[in-house]
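What follows is a single structure, written as structure tokens, with notes after it.
Numbering (my numbering), first residue to last: 8 to 552.
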């Protein structure tokens with residue numbers, strides 16, 4: 008596959024200035040990445056600009072689930088659940104190295120809002136809507152069987168449980184792998200490139216004025232049609248580019264906490280119901296950590312200002328300790344946290360949780376298509392829908408010259424289901440743990456990674472850093488820690504003890520002076536302190552947790 012690196016970025020900025028594109032996408036999260044891959048695969052000339060790092064916003068701050076959304080059944084959103092369950096199966100095949108089946112248990116108690124009978128009907132419907140294509144069908148367990156299988160769960164007043172299948176994913180990596188695939192098909196993608204304004208001729212957008220935030224260079228991109236996939240920034244971009252813009256979003260905040268598995272030893276995810284509320288909270292095992300989340304509260308501030316508060320932490324801790332009293336978790340056990348904003352579309356719902364997760368596509372007469380809402384699991388279907396809608400603004404000749412959507416194919420040649428299984432089999436008994444870890448994350452590409460960097464680097468994280476620099480347009484140490492590998496979320500010290508060995512890779516690959524490397528280290532420290540600022544309310548030091 009082609010490199011997708013800083014060198015690619017420099018070349019792409021030249022292309023953005025000198026070529027005209029069929030489609031110009033604003034926003035490099037999962038929706039923008041999906042649209043870029045879909046459109047480029049069909050044969051369109053595609054450009055994409057992202058104002059920050061790829062996957063900077065909601066796309067790296069999700070619950071990291073591949074799921075149908077069992078709670079949406081209660082809202083009668085059967086179409087949404089059916090689509091999500093269909094896409095769940097496609098995602099497992101599309102990216103087997105990034106998505107994995109997982110069992111979920113729903114413990115039910117005497118005071119649970121939903122009883123065994125009603126929950127059982129929901130479980131049957133969930134399997135039916137999946138067309139019985141789940142990794143495993145649901146099970147009903149009585150209280151005794153529940154405690155035998157899940158002894159960590161609170162046994163007081165337990166009446167039974169249901170167990171069903173969904174999955175988890177590496178959300179940020181799915182964005183990067185999708186963009187890498189789009190790059191392979193010719194999409195011209197650039198991060199840290201911010202749209203400033205639009206140039207219009209007779210009321211129609213002719214081009215966008217863009218600033219390269221790394222060099223402050225200003226340039227213009229010409230395109231026949233523009234698509235905005237900026238998530239919680241939708242209203243802000245709309246106000247910038249469209250006259251008399253009317254706000255369409257009802258943004259909500261969701262926060263997550265992470266714990267080490269040694270503190271909360273789960274092999275299956277647990278669905279927890281908040282007291283006197285329709286909200287549910289997940290406890291999700293993921294590699295060496297457990298993610299607890301999420302909250303769902305209206306958020307009216309700028310998306311950049313979303314943060315975890317002490318009240319958020321106490322809320323999630325209370326629910327978690329109710330379900331796992333033996334764990335006796337405290338704020339000192341929290342490894343990390345993150346907060347994101349859901350770009351939900353306004354409707355008549357009385358509460359945040361009832362606001363629909365359906366996506367909405369809107370066309371402005373000036374020549375820009377906006378998309379908002381949607382679920383991460385349905386990003387591929389949503390991207391297909393967006394491209395289909397955008398094509399209505401092109402000539403018949405153009406439309407018939409393009410291929411059909413083919414985005415159910417594997418993201419790359421190294422991680423088809425067959426190749427991924429082969430890579431795991433080859434390295435299952437490998438004495439070299441680096442080889443095994445690389446195979447788990449990258450499939451058969453592990454061989455290329457080893458061959459490229461074996462003479463230069465010695466540790467697993469160095470191999471990952473070097474590979475990220477060459478294939479994900481990773482421009483800084485902070486971006487690597489936060490959106491390429493789970494160091495910030497999964498390590499008790501947030502990966503600070505590994506900083507020197509990772510910094511060595513960035514210094515060598517980018518030939519950076521020591522002063523620049525120290526600057527990047529400090530940027531990471533500042534990020535950790537900002538993201539975990541709530542810790543100071545509990546007399547904890549984010550850098551010494």
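The beta-carbon is built from N, C-alpha and C at its ideal position, and this holds for glycine as well. In this text the structure is predicted, and so the values were computed from the model without any measurement.
CB of residue i to nearest heavy atom of the ligand COA: below 7 Å?
i, result
"residue 410", "The ligand COA is not among the ligands present in this structure, which contains no ligands whatsoever."
On a Cα-Cα basis, can you pick out the residue from the options that is closest to residue i?
i, options, result
"residue 265", "342, 205, 295, 230", "342"
"residue 208", "274, 261, 374, 185", "374"
"residue 242", "414, 451, 112, 369", "369"
"residue 128", "437, 77, 226", "77"
"residue 204", "304, 33, 186, 184", "33"
"residue 176", "142, 72, 126, 115", "72"
"residue 434", "351, 124, 451, 145", "451"
"residue 307", "277, 351, 294, 275", "351"
"residue 163", "114, 231, 186", "114"
"residue 100", "422, 549, 511", "422"
"residue 226", "232, 233, 218", "218"
"residue 196", "55, 496, 89, 296", "55"
"residue 248", "134, 372, 190", "372"
"residue 282", "295, 318, 330, 259", "330"
"residue 540", "409, 376, 313", "313"
"residue 109", "135, 152, 172", "172"
"residue 259", "240, 150, 250", "240"
"residue 254", "238, 269, 263, 268", "238"
Under the DSSP definition of a beta bridge, which residues are partnered with residue i?
i, result
"residue 225", "218"
"residue 111", "171, 276"
"residue 420", "DSSP, once it has assigned bridges, lists no residue as partnering residue 420."
"residue 21", "Bridge partners of residue 21: none, in fact."
"residue 562", "Summary: the structure shown does not reach residue 562, with the chain confined to residues 8 through 552, and so no result is reported for it."
"residue 296", "267, 293"
"residue 260", "304, 348"
Can you tell me whether residue i is buried or exposed? The criterion is at least 16 other CB atoms within 10 Å of its CB, across all chains shown.
i, result
"residue 402", "exposed"
"residue 74", "buried"
"residue 432", "exposed"
"residue 198", "buried"
"residue 407", "exposed"
"residue 485", "buried"
"residue 19", "buried"
"residue 293", "buried"
"residue 463", "exposed"
"residue 480", "buried"
"residue 495", "buried"
"residue 131", "exposed"
DSSP state of residue i, grouped into three classes?
i, result
"residue 494", "helix"
"residue 185", "helix"
"residue 8", "coil"
"residue 196", "strand"
"residue 318", "helix"
"residue 483", "coil"
"residue 467", "helix"
"residue 51", "coil"
"residue 439", "coil"
"residue 201", "strand"
"residue 31", "strand"
"residue 162", "coil"
"residue 305", "strand"
"residue 248", "helix"
"residue 518", "coil"
"residue 146", "strand"
"residue 83", "coil"
"residue 345", "strand"
"residue 539", "coil"
"residue 213", "strand"
"residue 88", "helix"
"residue 42", "helix"
"residue 374", "coil"
"residue 151", "helix"
"residue 69", "coil"
"residue 230", "strand"
"residue 501", "coil"
"residue 102", "coil"
"residue 237", "coil"
List the whole-angstrom C-beta distance separating residue i from residue j, where the pair is believed to meet the contact cut-off of C-beta under 8 Å.
i, j, result
"residue 261", "residue 302", "6 Å"
"residue 315", "residue 338", "Going by Cβ atoms, the distance from residue 315 to residue 338 rounds to 11 Å, so no, they are not a contact pair."
"residue 300", "residue 159", "No, residue 300 and residue 159 are not in contact; Cβ-Cβ is about 18 Å, not under 8 Å."
"residue 387", "residue 41", "6 Å"
"residue 291", "residue 298", "5 Å"
"residue 583", "residue 236", "This structure gives no information on residue 583, because the portion of the chain shown stretches from 8 to 552."
"residue 379", "residue 256", "6 Å"
"residue 192", "residue 47", "4 Å"
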